[in-house]
Amino acid sequence: MTDLVKAIFRNRANRFIAEVEIDGEIVRAHLPNTGRCKELLIDGATVYLKPSDNPNRKTKYSLHLIENNGALVAMYSQQASKIVIDAILKGKVKELAGYDIVESEKTIGNSRIDIYLANLDNENNPIDETYVEVKSVTLIKDGLAQFPDAPTDRGRKHLEELISLKKQGIRAVVFFLIEHPNGNGFRPNWENDPKFSQALNKAYDEGVEILVYKTENTLDNIELVGQSLEFNLKK
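Shown next, in the form of structure tokens:
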């Protein structure tokens, strides 16, 4: 049984705080998605809040899910890498199956890459190393998921780190996790961030792999489902 609290979205107070209405009372909730999300965060939208039992938190709730065009959209972008790791461990991502080591957050250069995978040789030394950077995607246009929904220098730097790894002979992957069920493919958001879009094309040309999967979202669970989806990097 879900412990989520149903509410009505009213306003985005700042990057991290949403104002929602619960039984006629305006309450502040943590917003765990720092993207613009203008197409989602609409006054009157139904949202589902996750209560926090941390007495030191400034907000009692986090905005967990939001309804959009009849679909439940996951708003916990910070949880995207955990969803992918869980799917890898369960063998649901065939392109990333069969590794001995599955770890989160590995520091490379000036960046932290979300997922580190490796096998072990006979002396327990890591081989077949793979680095995976996960991007949560909630923006949908004409049935295609698009990233980013706002310019991201950080995202571009992650791509540069992946290119550097690939040039060293290390497998590198950028993983777009579509957390909106209406997304049936992926393209970079050339209109909002041409620099990131160009960098993604360069990364792909340099041998960085691109994987696109989507989640199934319910009030009880958010999990990766299905096979890798198609993508189009063109403008």
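Note that this note's numbering numbers the sequence shown so that position 31 is 61, with each residue one more than the last.
We put the CB at the ideal spot given by N, CA and C, even for glycine.
- Nearest C-alpha to T89 among E253, K80, I193 and L95: K80.
- When C-beta atoms of the segment 228-237 are compared with those of the segment 124-131, fewer than three pairs fall below 8 Å, so the two segments do not count as touching.
- If you draw a straight line from the Cα of L102 to the Cα of N214, it is about 15 Å long.
- When Cβ pairs closer than 8 Å are counted between the two stretches, the segment 162-172 is seen to touch the segment 205-222, the count reaching three or more.
- Here the segment 63-77 makes contact with the segment 94-109; the two share three or more CB pairs at distances below 8 Å.
- Residue burial is scored here from C-beta neighbours: L119 has fewer than 16 other C-beta atoms within 10 angstroms and is therefore classed as exposed.
- Bounds of the alpha helix (DSSP H) holding P224 are P224 to D235.
- Partner residues in the beta bridge of N149, as assigned by DSSP, are I157.
- Between N219 and P181, the C-beta gap is not smaller than 7 Å, which leaves the two residues out of contact.
- For A75, the closest C-alpha among the options L95, V57 and N84 is that of L95.
- Contact between the segment 149-164 and the segment 130-141 is established, with three or more Cβ pairs separated by less than 8 Å.
- For L150 and C67, the gap between their C-alpha atoms comes out near 41 Å.
- Within the segment 81-156, the runs of beta strand (DSSP E) that reach at least 3 residues and sit entirely inside it are, in chain order, 91-98, 101-104, 131-138 and 141-150.
- Annotation: the continuous alpha helix (DSSP H) that includes E191 extends over D183 to K197.
- Per the DSSP secondary-structure output, S166 pairs in a beta bridge with L207.
- Under DSSP, I252 takes part in a beta bridge, and its partners are N247.
- A Cβ-Cβ separation of about 16 Å leaves V204 out of contact with K244 under the 8 Å criterion.
- With 16 or more other CB atoms across the displayed protein chains lying within 10 angstroms of its CB, E191 is buried.
- For F39 and V57, the gap between their C-alpha atoms comes out near 10 Å.
- Secondary structure at A180: coil, using DSSP grouped into helix, strand and coil.
- Annotation for I47: the continuous beta strand (DSSP E) segment containing it runs I47 to I52.
- Per DSSP, the unbroken beta strand (DSSP E) holding P218 starts and ends at F216 to P218.
- Just measuring C-alpha positions, the residue of D33, I72 and G54 sitting nearest A43 is I72.
- Residue burial is scored here from C-beta neighbours: I145 has at least 16 other C-beta atoms within 10 angstroms and is therefore classed as buried.
- Counted as a single uninterrupted DSSP element, the stretch harbouring R66 is not any beta strand (DSSP E), since DSSP gives it neither H nor E.
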